[in-house]
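Single-structure report; data block below.
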Amino acid sequence: NIAAMDCANSCLGGELLEDRVIAERGYKRFREFFRLIAENGNVFEFNSPTYTQVTLKALHLLRRYVKDPATRLLAELAATRLGLSVALHLHPQSGRLAGPYSRAYYPTLQPSSRAYSELLQTWIEEGIVPDWIGTVPRAEKLPFFLEETAHSDWRIGASTYLTPSFSMGLASREVSRQTNPLVIQVYGEDPSETAMIFARYSMNDSIEKEVPPKSAFGIDGSFFDDGKFLGVQQGNRAIGVYAPREAETPDSLAPASRHRFASARASLVWLDRKKATRIWVGENEVKELPHQVERGKVMVIETPPARIALLPLSITELGYDSPIRIAEKDGRLYLDMYNYLGEEKTFGELDRGSRFYRGQPQCAFYVEVADQSAHPDAPSFAREVAGGTVRDGVAPPFTSYRDDARRPWVLEYAREGKTLGLEVDLMEWRLLRRWNENGDLGWPMLESPMARQNSQGRIELAGATLECGKAPALLYGDPAAGLWVAAYYGDPAPLSLSLPGGSVRIERMGPGTLAWRKGEVTLDTLDLEGPPKIVGGALREREKGVDQ
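Numbers -7 to 540, taken from the numbering used here, label the letters of the sequence shown in order.
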């Protein structure tokens, strides 16, 4: 959001002051900003309930007021891409924005907060995003799995699984102290009754303390996470691993927490305890809290109309008898997995420069969400999860000052022909790889049944094929609505869109958008050679917008 605002300030301020140096600085910086988005897929502050709004407004200012045509076009392309990401994360029935969130303030986690579908409609009415974006969230498209990448070199990706009754989203790692890397929402008939569940790492019980009254920007509740997170998701299943962000954290993108503490734990948290109607550990229902859980046992929380299962995996004990327990406090429910609980002490062995350092502590879990109708009861769901095959192994500990020394930790869960796994280097706290039953997972720019983005020069989706230069490009398809939208972000190259009942062929085209709506074709680009050759449709001139 800051980069987008900086670009808008430089471009518009330079033009207003007739200062070419400032304006050119803005144009150049915005080209770099756009290239970073195009080459990775999404913005760094991906799916942020707060900062998506800020970024989109900055892009809209550029699109509406900047005089430079190229900057205006790129701003429109960026806003459309960001708007599409929002629409893909919207749960159609509730209007809620599914997770994960790169940065989120506490009020935005509340079911009583304004539905994001209302914001999307406002953006459409104000011309911030194109109107076809509003047709993306539809109930008949559920369920589906969505993957995006914010920064492939830094291994920052996000995935979301949406169904009529629940959503689960996971980030491959945190990008700030406000990242919500694992977010589960369970939807009732009333959107305000949505159950919000999320993962958090807490040191010295920080999560239980009063939410900060005001942030530096006057927004209530910064709601920081004290941990660093890595994870992998496939559909309704996920593996998450946490470690405390202690004094030295070159492996985290967020600032350090603290190196002296009396407790450190990862938790799965229900914001509203009342949404968790029944609690099970294995075959047994839990009637009284707090309740200590034996290691290796599956916890199942009834959260109608869904159930959520949690299986703790490796958890390093930094002290003695660090518990796993279920507790409630101040209207919340906590499934806690402790690395440490005891007298306050300094953990020098967690310092990367210490001669006692042997890697980061482990705190891992497997989580699965299912409709209540998928199993006869909670114990049967617990048995099914417990019946999976778990691989949880780590290389022997050692001490070393060598930066290239690795201590790999492998986690894998397999059941019913489906596999999910990740490998982490405990010495550097680095995500080495992720995989499923089909092999290693990459870092897709955008992958979903309705939209796909890559830089391979060819995209097939929803009965259509886009062929273009080997540069970042996107294709959205909605056959039921007769709508296909292609966006190309590279240097001028031949482009063709073939779809049921028609086609569009362009001799050469630079960055721009090509849309097909039931045979009506619109084209937005500044770099076009030759008239488009259209079969089965006709070109419509735009009444307003960027130059064609």
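Backbone N, C-alpha and C fix where the C-beta goes; we use that ideal spot for every residue, glycine too.
- Considering only D322, P236, S255, R237, the residue with the shortest C-alpha distance to K337 is S255.
- Going by DSSP, F137 is part of the beta strand (DSSP E) stretching over 136 to 143.
- E452 has its alpha-carbon roughly 18 Å from the corresponding atom of A473.
- Your pair A356 and T381 does not check out as a contact, with CB atoms roughly 16 Å apart and the cut at 8 Å.
- Inter-segment contact for the segment 326 to 336 and the segment 403 to 419 is absent: fewer than three beta-carbon pairs are separated by less than 8 Å.
- With the rule of 3 Cβ pairs closer than 8 Å, the segment 483 to 501 counts as touching the segment 457 to 465.
- Within the same chain, Cβ atoms closer than 6 Å to the Cβ of P282 are found at R317, A319, the five residues on either side in sequence being excluded.
- Cβ-Cβ separation between P173 and A163: approximately 4 Å, consistent with a contact (criterion under 8 Å).
- R270 and L302 have their C-alpha atoms some 14 Å from each other.
- Around the C-beta of T391, fewer than 16 other C-beta atoms lie within 10 Å, and the residue is accordingly described as exposed.
- Its chain contains L54, R55, V58, V538 as the residues whose beta carbon lies nearer than 7 Å to that of R64, once the 5 sequence neighbours on both sides are disregarded; these appear in chain order.
- Counting C-beta atoms within 10 angstroms of its own C-beta, Q226 has 16 or more neighbours from the protein chains shown and is therefore classed as buried.
- Under DSSP, Q177 forms a beta bridge with S159, M188.
- L263 has its alpha-carbon roughly 14 Å from the corresponding atom of Y97.
- Non-local C-beta neighbours of G528 in its own chain, meaning closer than 8 Å and more than five positions away in sequence, comprise G493, G494, S495, G511, ordered along the chain.
- Secondary structure note for G409: it is in no beta strand (DSSP E), with a DSSP letter that is neither H nor E.
- For I498, the enclosing beta strand (DSSP E) begins and ends at 494 to 501.
- Per DSSP, the continuous beta strand (DSSP E) segment holding G232 begins and ends at 229 to 236.
- Annotation: Q284 to M291 spans about 11 Å, alpha carbon to alpha carbon.
- Pairing R169 with F216 gives a Cβ-Cβ distance under 8 Å.
- Fully enclosed beta strand (DSSP E) runs of no fewer than 3 residues are not present anywhere in the segment 47 to 118.
- Close CB contacts of R229 within its chain, under the 8 Å cut and outside five residues either way in sequence, are with Y358, V359, E360, Y405, K410, L412 (chain order).
- Distance from the CA atom of L333 to the CA atom of D218, rounded to whole angstroms, is 15 Å.
- Note on geometry: alpha-carbon atoms of R532 and R500 lie some 19 Å from one another.
- The shortest CA-to-CA distance from E286 to any of I293, P297, V273, A30 is the one to V273.
- Counting only residues of its own chain and dropping the five nearest sequence neighbours on each side, E280 has no CB closer than 7 Å to any other CB.
- With a cut-off of 8 Å on Cβ pairs, the segment 362 to 375 is not in contact with the segment 424 to 440, counting fewer than three such pairs.
- With respect to G161, A191 sits apart: the two C-beta atoms are not nearer than 8 Å.
- I(-6) is classed as exposed because its beta carbon has fewer than 16 other beta carbons within 10 Å across all chains shown.
- Its chain contains F158, A187, T295, A298 as the residues whose beta carbon lies nearer than 6 Å to that of V178, once the 5 sequence neighbours on both sides are disregarded; these appear in chain order.
- Of all alpha-carbon atoms in F221, T100, Y481, the one lying nearest the alpha-carbon of R88 is that of T100.
- Between S105 and A15, the alpha-carbon positions lie close to 38 Å from each other.
- In this structure, DSSP gives L433 a state outside helix and strand, which the three-state scheme calls coil.
- Here W476 carries a strand assignment [DSSP, helix/strand/coil].
- Contact check for V224 against Y93 fails: the beta carbons are separated by 8 Å or more.
- The three-state secondary structure of S488, taken from DSSP, is strand.
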